[in-house]
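Here the numbering used here is used: the first residue of the sequence shown is 811, the next is one more, and so on.
Cβ atoms here follow ideal geometry from the backbone N, Cα and C, with glycine treated the same way.
One structure is given below, encoded as structure tokens.
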Amino acid sequence: MKIIALEEHFQLAEIKETVNKLLPNSHQSLYNPPTEQLEDLGARRLHAMDAMGVDVQVLSHQAAGIPQIPAAEAVALSRTINDRLAEVVRAHPDRFAGFATLPTPDPEAAARELERSVRTLGLKGTMIHGQTNGRFLDDPLFSPILEAAAALDVPIYLHPAPPSRAVANAYYAGFDPAVSESFATFGWGWHLDTGIHALRMVLGGVFDRYPGLQIVLGHWGEMIPFYLARFSQAMSHTTKHLQRPVADYFTQQMYFTPSGMFTLPPFQLTLQLVGADRILYSVDYPFRADDQARTFLESAPISPTDKEKIAHGNAEQLLKLSV
Ligand code: CA
811 MKIIALEEHF
821 QLAEIKETVN
831 KLLPNSHQSL
841 YNPPTEQLED
851 LGARRLHAMD
861 AMGVDVQVLS
871 HQAAGIPQIP
881 AAEAVALSRT
891 INDRLAEVVR
901 AHPDRFAGFA
911 TLPTPDPEAA
921 ARELERSVRT
931 LGLKGTMIHG
941 QTNGRFLDDP
951 LFSPILEAAA
961 ALDVPIYLHP
971 APPSRAVANA
981 YYAGFDPAVS
991 ESFATFGWGW
1001 HLDTGIHALR
1011 MVLGGVFDRY
1021 PGLQIVLGHW
1031 GEMIPFYLAR
1041 FSQAMSHTTK
1051 HLQRPVADYF
1061 TQQMYFTPSG
1071 MFTLPPFQLT
1081 LQLVGADRIL
1091 YSVDYPFRAD
1101 DQARTFLESA
1111 PISPTDKEKI
1121 AHGNAEQLLK
1131 LSV
């Protein structure tokens, strides 16, 4: 069974260095990312993929603060990232595919970069990390990006990013700094933020405006599946402006991946809610690189047909992969 993983990260050292200079006072993470694994795009990565049983990684650059830096720099750095990513994919077309990085601070330029990335470089969509200058993608400012993704028929993978400083202070501060920081980000907060991001896109009518748009959510839907019935029912009286029942947007225009959360309860809940056609696979390499990457899916209590869809079939269809 071929496994295609969709939330697999890399980092270019020169991009990280440039962004750090542009954002000297940014949120300093207390968590040390696995830099060597992030920056390796050759033998070491391929070896790790073989060890995990992952056949194809759809690569995306680490957040690296691109949504927070000045627009002109974001445009230049995104081009560098996407050009390099295309070279990596060309070197191993049977093992890698790529999601473009977009300069979201300049939405028109981001739309053009997405078109260049897909049409010229052969990338398969984009990954967007959280808010851009305090705004979510339902803001009309970002219409050019959504329009381009829908027109090019490529998905947007909505990835978490640290919450705003105001939210972090109001909701997650007051503990040992390491506790507050992880609570605000990968322990809880940025997942809640990403779920809210997707809910805002529903409420803002984004999916009615772009019925061809597909978004991908990691971490089994960023908390949404557990509350989907409640949200749909409770919001039904105030969402008359939407063309479809709220729950339909999740089964028609969203995909869900594990991001290395290899436990059965959230998987089974998501599967029951959206069905096997809407689930893709992801490991979140190199933040997760464990041996469950393959065994979790192989031993999951689902039919062989559903396993094939989740492991590679849905991804091949969505990303139009021929590998
Ligand atoms: Ca990730």
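For ligand 1, is there any heavy atom lying closer than 7 Å to the beta carbon of residue i?
{"i": "residue 1094", "result": "yes"}
{"i": "residue 819", "result": "yes"}
{"i": "residue 1007", "result": "no"}
{"i": "residue 969", "result": "yes"}
{"i": "residue 1069", "result": "yes"}
{"i": "residue 1097", "result": "yes"}
Between which two residues does the beta strand (DSSP E) containing residue i stretch?
{"i": "residue 956", "result": "Looking at the DSSP string, residue 956 is not in any beta strand (DSSP E); the run it does join, the alpha helix (DSSP H), is 953-962."}
{"i": "residue 1064", "result": "1064-1066"}
{"i": "residue 967", "result": "966-969"}
{"i": "residue 1097", "result": "Premise fails: residue 1097 is in no beta strand (DSSP E) and is neither H nor E."}
{"i": "residue 819", "result": "814-820"}
Who are residue i's beta bridge partners in DSSP?
{"i": "residue 908", "result": "869"}
{"i": "residue 752", "result": "A query on residue 752 cannot be resolved here, the shown segment of the chain reaching from 811 to 1133 and no further."}
{"i": "residue 1059", "result": "Its beta-bridge partners do not exist; DSSP assigns none."}
{"i": "residue 1026", "result": "967, 1065"}
{"i": "residue 936", "result": "910, 966"}
With DSSP as the reference, label residue i as helix, strand or coil.
{"i": "residue 993", "result": "helix"}
{"i": "residue 1011", "result": "helix"}
{"i": "residue 864", "result": "coil"}
{"i": "residue 1071", "result": "coil"}
{"i": "residue 1089", "result": "strand"}
{"i": "residue 986", "result": "coil"}
{"i": "residue 826", "result": "helix"}
{"i": "residue 1083", "result": "helix"}
{"i": "residue 1049", "result": "coil"}
{"i": "residue 902", "result": "coil"}
{"i": "residue 1002", "result": "helix"}
{"i": "residue 831", "result": "helix"}
{"i": "residue 1123", "result": "helix"}
{"i": "residue 1110", "result": "coil"}
{"i": "residue 981", "result": "helix"}
{"i": "residue 880", "result": "coil"}
{"i": "residue 852", "result": "coil"}
Tell me where the alpha helix (DSSP H) around residue i begins and ends.
{"i": "residue 842", "result": "Counting along the chain, residue 842 falls outside any alpha helix (DSSP H), and DSSP gives it neither H nor E."}
{"i": "residue 1041", "result": "1034-1044"}
{"i": "residue 973", "result": "First-last for residue 973: undefined, no H or E at that position."}
{"i": "residue 1117", "result": "1114-1118"}
{"i": "residue 929", "result": "917-929"}
{"i": "residue 1054", "result": "Here residue 1054 belongs to no alpha helix (DSSP H), and DSSP marks it neither H nor E."}
{"i": "residue 1018", "result": "1016-1019"}
Any heavy atom of ligand 2 closer than 7 Å to the Cβ of residue i?
{"i": "residue 1126", "result": "Absence of ligand 2 is noted for the structure shown, with ligand 1 being the only ligands found."}
Rounded to whole angstroms, how far is the Cβ of residue i from the Cβ of residue j, which I believe are closer than 8 Å?
{"i": "residue 859", "j": "residue 905", "result": "7 Å"}
{"i": "residue 1067", "j": "residue 1090", "result": "5 Å"}
{"i": "residue 939", "j": "residue 896", "result": "That belief does not hold up - the Cβ atoms of residue 939 and residue 896 are roughly 20 Å apart, past 8 Å."}
{"i": "residue 818", "j": "residue 1093", "result": "6 Å"}
{"i": "residue 1024", "j": "residue 965", "result": "4 Å"}
{"i": "residue 954", "j": "residue 915", "result": "In fact, because the Cβ distance is near 12 Å, the residues do not count as touching under 8 Å."}
{"i": "residue 942", "j": "residue 959", "result": "With a Cβ gap of about 15 Å, residue 942 and residue 959 do not count as contacting."}
{"i": "residue 913", "j": "residue 874", "result": "Residue 913 to residue 874, Cβ: 12 Å. No contact."}
{"i": "residue 898", "j": "residue 851", "result": "5 Å"}
{"i": "residue 1029", "j": "residue 974", "result": "About 20 Å; that fails the 8 Å criterion."}
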